[in-house]
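In the working numbering, the protein residues as written are 2 to 167.
Yeah, the Cβ is synthetic: ideal placement off N, Cα and C, and Gly gets one too.
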């Protein structure tokens with residue numbers, strides 16, 4: 002086989018591996034963005050540990066079939082960029098959604114959230130959620146509330162007993 006076909010097969014396998022390893026994937030249409038805007042978006046995503054790549058749609062379609070997420074293929078038309086996040090499910094959706102609010106040329110097309118193909122609305126809803134750390138801190142405060150209330154009640158009883166004894 003020719004080296005071109007071998008190269009394309011390697012790229013397809015690379016994309017398929019990224020689809021399988023990713024906690025979340027966001028597909029966007031970047032038409033209308035300037036080079037500076039795309040560079041700024043890439044910078045924000047890189048800081049969050051998100052990989053942002055542009056691949057040929059035909060290669061991405063083949064990779065999605067290998068990875069078992071063929072549902073994303075209907076959104077792979079026109080110029081697309083794909084953001085892959087292996088750790089944080091919310092990070093790419095949040096960063097891209099915030100960037101799209103400031104730059105209307107950026108359009109979220111679809112996503113893959115923990116192996117399930119999601120619409121643009123689902124990705125935007127995910128972006129509105131607090132980050133993982135924010136959710137954990139909320140959970141922690143909810144778990145601490147009963148202990149804190151018990152401690153306050155115990156302290157109030159102790160102070161009341163002290164006043165009665167004095």
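Tell me which same chain residues have a C-beta within less than 6 angstroms of the C-beta of residue 32, skipping the five on either side of it?
For the purposes of this step, residue 32 is identified with residue 31 of the chain shown, where counting begins at 1. So the list reads 80, once near-sequence residues are dropped.
Please report the straight-line C-alpha distance between residue 113 and residue 50, rounded to a whole angstrom.
Counting from one through the chain shown, the residue named residue 113 turns up at place 112. Counting from one through the chain shown, the residue named residue 50 turns up at place 49. Looking at the two C-alpha atoms, the distance is approximately 17 angstroms.
At least three beta-carbon pairs within less than 8 angstroms, the segment 129-137 to the segment 82-98:
Judged by Cβ distances under 8 angstroms, the segment 129-137 makes contact with the segment 82-98, as three or more pairs qualify.
Range covered by the alpha helix (DSSP H) that runs through residue 166
In the chain shown, counting from the first residue as 1, residue 166 sits at position 165. Run containing residue 166: 133-166, per the alpha helix (DSSP H) assignment.
First and last residue of the uninterrupted alpha helix (DSSP H) at residue 37
In the chain shown, residue 37 corresponds to position 36, counting from 1. Where residue 37 is concerned, the enclosing alpha helix (DSSP H) stretches over 36-48.
Please determine, among 35, 28, 103, the residue with the shortest C-alpha to C-alpha distance to residue 52.
What you label residue 52 is simply residue 51 of the chain shown in a count that begins at 1. Just measuring C-alpha positions, the residue of 35, 28, 103 sitting nearest residue 52 is 28.
In angstroms with no decimal places, state the Cα-to-Cα distance between residue 45 and residue 100.
Here residue 45 refers to the residue found at position 44 of the chain shown. Here residue 100 refers to the residue found at position 99 of the chain shown. Spanning the two alpha carbons is a distance of roughly 9 angstroms.
With distances taken Cα to Cα, identify the nearest neighbour of residue 10 among 47, 39, 61.
Position 9 of the chain shown, counted from the first residue, corresponds to residue 10. Selected option, being the one with the closest Cα: 61.
For residue 67 and residue 23, what's the separation of their Cα atoms in angstroms?
As a first step, residue 67 must be located in the chain shown, where it is residue number 66. As a first step, residue 23 must be located in the chain shown, where it is residue number 22. If you draw a straight line from the Cα of residue 67 to the Cα of residue 23, it is about 14 angstroms long.
By a C-beta neighbour count over all protein chains shown, 10 Å radius and 16 as the cutoff for buried, is residue 63 buried or exposed?
As a position in the chain shown, residue 63 is number 62, starting the count at 1. Its Cβ being crowded by 16 or more others within 10 Å, residue 63 is buried.
When DSSP labels each residue in this structure, what does residue 23 get in the three-state scheme?
Translated into the one-based positions of the chain shown, residue 23 becomes position 22. DSSP places residue 23 in coil when its eight states are reduced to three.
Looking only at DSSP bridge pairs, what is residue 84 linked to?
Taking the first residue of the chain shown as position 1, residue 84 is located at position 83. 27, 53.
Rounded to whole angstroms, what is the Cα-Cα separation between residue 89 and residue 77?
The sequence position of residue 89 within the chain shown is 88, counting from 1. The sequence position of residue 77 within the chain shown is 76, counting from 1. Approximately 23 angstroms, taken between the alpha carbons.
Give the C-beta separation of residue 34 and residue 107 to the nearest angstrom, bearing in mind that I take them to be a contact with Cβ-Cβ under 8 angstroms.
As a first step, residue 34 must be located in the chain shown, where it is residue number 33. As a first step, residue 107 must be located in the chain shown, where it is residue number 106. Indeed they touch by this definition, with Cβ atoms about 6 angstroms apart.
From residue 177 to residue 111, what does the alpha carbon distance come to, in whole angstroms?
In this structure the chain extends from 2 to 167, so residue 177 is not present and cannot be described.
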